[in-house]
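Position 87 of the sequence shown, counted from 1, bears residue number 92 in my numbering, the numbering being contiguous throughout. Even glycine gets a Cβ: it sits at the ideal position worked out from N, Cα and C.
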Amino acid sequence: MKLLCPARSLLSAAALAGLLLCALFVAPRAGYADVSAITDYRVISQTGVGPGGKPLVAIRSLRRDGIPLFLTVDPYTLETALRPVSQVSLLPAPPWETLSGTPYLTALEHGTAPPCRLQNHGAVRGAGDGIFLTVDLCPSKRQFERELFLAAEAAAQAHGYGKGAPVAVAISGLWLENHPEELAFLKGESAAGRLSITWVNHSYHHVYAPKTPLERNFLLTPGTNFDAEVLELERLLLAHGLTPSPFFRFPGLVADTATMKRLRELSLIPVGSEAWLAKGEHPRQGSIVLVHGNGNEPKGIALALPILRTGRWRLLPLAAAFANDQCPVPNLRPLPQEAASVPRGATVTPPKASF
Ligand SMILES: [Zn+2]
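In structure tokens form, the structure reads like this:
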């Protein structure tokens with residue numbers, strides 16, 4: 006079943022609930038098979054305890070093909086997972102009270118803290134002896150940069166990285182919708198263990214007007230439904246069997262105070278870049294590197310390919326940029342089962358940081 010409304014509806018003033026409803030009745034687009042139905046999609050923010058007593062943060066509740074699930078974030082590794090509701094015990098206190106100081110909440114707090122810069126607010130580098138490679142897939146009709154991913158695989162092999170080349174792919178909905186073969190390539194390389202992709206939300210439409218000032222461009226374009234741009238991309242990933250990470254890359258790296266505040270309420274961490282290669286910025290150890298894999302910036306790819314192929318970059322997974330081995334694990338007590346109900350469509354606003 007196809008999940009998306011016609012494109013213009015996302016930019017209309019239609020309420021998100023109505024948008025999700027209409028999403029259920031759109032026919033599948035050619036080129037895709039095995040697309041799941043994602044329904045009852047809701048933003049939540051609750052502390053939970055998962056299998057083995059591990060603390061987690063539930064950030065979305067949903068049904069995939071009718072099965073109730075939580076999208077959860079490990080507050081220590083920042084890894085996301087889809088978990089059956091029956092495997093998660095929710096706690097009465099919100100994450101900001103129970104898990105403050107964990108790498109996830111620290112990254113969320115620091116990344117979205119005001120004042121917001123118009124461009125490149127959020128994480129631009131991380132801990133670790135290596136490079137965090139991020140590849141943007143903005144909407145494009147140009148040639149997909151397949152060689153970049155193959156070169157990343159070669160770089161990972163050169164460094165003996167056994168889990169597949171760690172690459173963060175910042176994907177837009179319109180790119181995903183129009184590139185079934187390229188998406189199949191990325192999924193295939195992942196399934197074969199050659200790539201280890203962190204799926205970063207790059208918004209659904211990624212609106213851009215070349216001659217418009219940044220203050221009114223990208224997600225700041227008047228009339229933009231920010232929630233829909235974020236949540237519909239998540240739903241699209243989930244429908245295609247991909248798990249969204251807790252990371253968000255603003256199109257053009259452009260944001261304002263309001264969108265940054267809302268991103269925080271959606272429990273997502275903004276990811277900028279210290280080294281946008283096509284703009285002449287040079288990476289160093291720990292840099293979050295930005296290139297475009299959609300054919301829009303061949304200059305950046307031309308710079309990255311020889312470096313990757315000769316193994317000069319030790320690639321690291323994006324989540325590792327926020328790791329902190331020193332953080333203690335709290336002792337959390339689950340709610341009685343009957344009290345651990347999921348708030349319907351609730352969004353818990355973190356109490357810290359005033360905007
Ligand atoms: Zn982009």
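Residue i, buried or exposed, once every other Cβ within 10 Å from all chains shown has been counted against 16
i, result
"Asn-230", "buried"
"Leu-15", "Residue confidence for Leu-15 is low, a pLDDT of 38 falling below 50, so the modelled location carries little weight and cannot support an answer."
"Ala-170", "buried"
"Pro-215", "exposed"
"Leu-26", "Note that Leu-26 scores 34 on pLDDT, short of 50, meaning its location in the model is unreliable; the coordinates nonetheless yield the value given after this. By the neighbour-count rule (16 or more Cβ atoms within 10 Å), Leu-26 is not buried but exposed."
"Asn-329", "exposed"
"Ala-197", "exposed"
"Thr-85", "buried"
"Arg-3", "A question about residue 3 goes unanswered here, because the residues of the chain that appear run from 6 up to 360."
"Pro-56", "exposed"
"Glu-150", "buried"
"Lys-304", "exposed"
Cβ-Cβ distance between residue i and residue j below 7 angstroms
i, j, result
"Asp-45", "Arg-68", "yes"
"Val-62", "Pro-80", "yes"
"Val-276", "Arg-254", "yes"
"Val-294", "Pro-288", "yes"
"His-207", "Ser-177", "yes"
"Leu-282", "Ala-309", "yes"
"Ile-5", "Ala-112", "Residue 5 falls outside the range modelled here, since the chain spans only 6 to 360, and no answer is possible."
"Arg-144", "Leu-179", "According to the sequence shown, residue 144 is Pro rather than Arg. Closer than 7 angstroms, so yes."
"Val-174", "Val-140", "yes"
"Leu-76", "Ile-64", "yes"
"Leu-238", "Ile-43", "no"
"Leu-271", "Val-48", "yes"
Supposed contact pair residue j and residue i - C-beta distance, whole angstroms, cut 8 angstroms
i, j, result
"Leu-153", "Gly-298", "6 angstroms"
"Ala-128", "Gly-116", "5 angstroms"
"Leu-4", "Leu-83", "The requested residue 4 does not occur in the structure, where the chain is confined to residues 6 to 360."
Bridge partners - residue i, DSSP secondary structure assignment
i, result
"Thr-107", "According to DSSP, Thr-107 bridges with nothing at all."
"Asn-230", "Answer is none; Asn-230 lacks a bridge partner."
"Pro-249", "Trp-204"
"Phe-137", "Ile-293"
Inset, instruction - Decide yes or no for the touch test of the segment 253-267 against the segment 90-109: beta carbon pairs closer than 8 angstroms, at least 3 of them. - result: no
Legend entry - the segment 154-161 contacting the segment 108-128, beta-carbon criterion three pairs below 8 angstroms: no
Legend entry - Meets three-Cβ-pair contact criterion under 8 angstroms: the segment 136-153 and the segment 314-325: Between the segment 136-153 and the segment 314-325 there are three or more inter-stretch CB-CB distances shorter than 8 angstroms, so the stretches are counted as touching.
Legend entry - Three CB pairs or more closer than 8 angstroms across the segment 187-198 and the segment 215-227: no
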